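Please read the structure below before turning to the comments.
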Amino acid sequence: MSCSGTSSGCTLYVKDAGSGSNPGLWKSASPTYLISSTDATLSSGADGYGIQATSTAAGSGGTLSFNSKYNKTGNDIGGLTLTNTVMASSTADVSGREAVVTHKAAISETTLSGDYSDTITYECVVNL
Numbered sequence: 001m002s003c004s005g006t007s008s009g010c011t012l013y014v015k016d017a018g019s020g021s022n023p024g025l026w027k028s029a030s031p032t033y034l035i036s037s038t039d040a041t042l043s044s045g046a047d048g049y050g051i052q053a054t055s056t057a058a059g060s061g062g063t064l065s066f067n068s069k070y071n072k073t074g075n076d077i078g079g080l081t082l083t084n085t086v087m088a089s090s091t092a093d094v095s096g097r098e099a100v101v102t103h104k105a106a107i108s109e110t111t112l113s114g115d116y117s118d119t120i121t122y123e124c125v126v127n128l
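The numbering of the sequence shown is full-length UniProt numbering, which starts it at 1 and goes up by one.
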């Protein structure tokens, strides 16, 4: 992630397409099914889907601050939303910084089998 020539840094947003009405992993073939995306601790036997986000030491300039919603470890995840949500931001120019995103999911015994998909959009914007 790089943003230069700014006095206020940049912000990285994330949003999820899910089913179009709700965020999550979507099985569009009949019978349809959504593994919802919410803030959760994943465990066996329960549906769940979300992300974790952190950074590496790569890059220079300002540092990235991560939204506590996504700055998780272990089986804790941050739920995705249909609208832009801040994932990380800086208050100064950054060059070559890395945002590492881990996608995690769990299913229950009653989760329908099939092909699940999702579209996640990341958008980096200069802070004004």
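Beta carbons are placed, not taken as given, at the ideal position from N, Cα and C, and that holds for glycine.
Everything numeric in this text was worked out from a predicted model, so none of it was measured.
- Note on residue 112: under 16 other CB atoms within 10 angstroms of its CB, so exposed under the neighbour-count rule.
- Looking from the CA of residue 32, the closest CA among 117, 124 and 69 belongs to 117.
- Residue 34 is bridged by DSSP to 26.
- By the neighbour-count definition (other C-beta atoms within 10 Å, threshold 16), residue 79 is a buried residue.
- Residue 87 sits in a strand when the DSSP states are folded into three classes.
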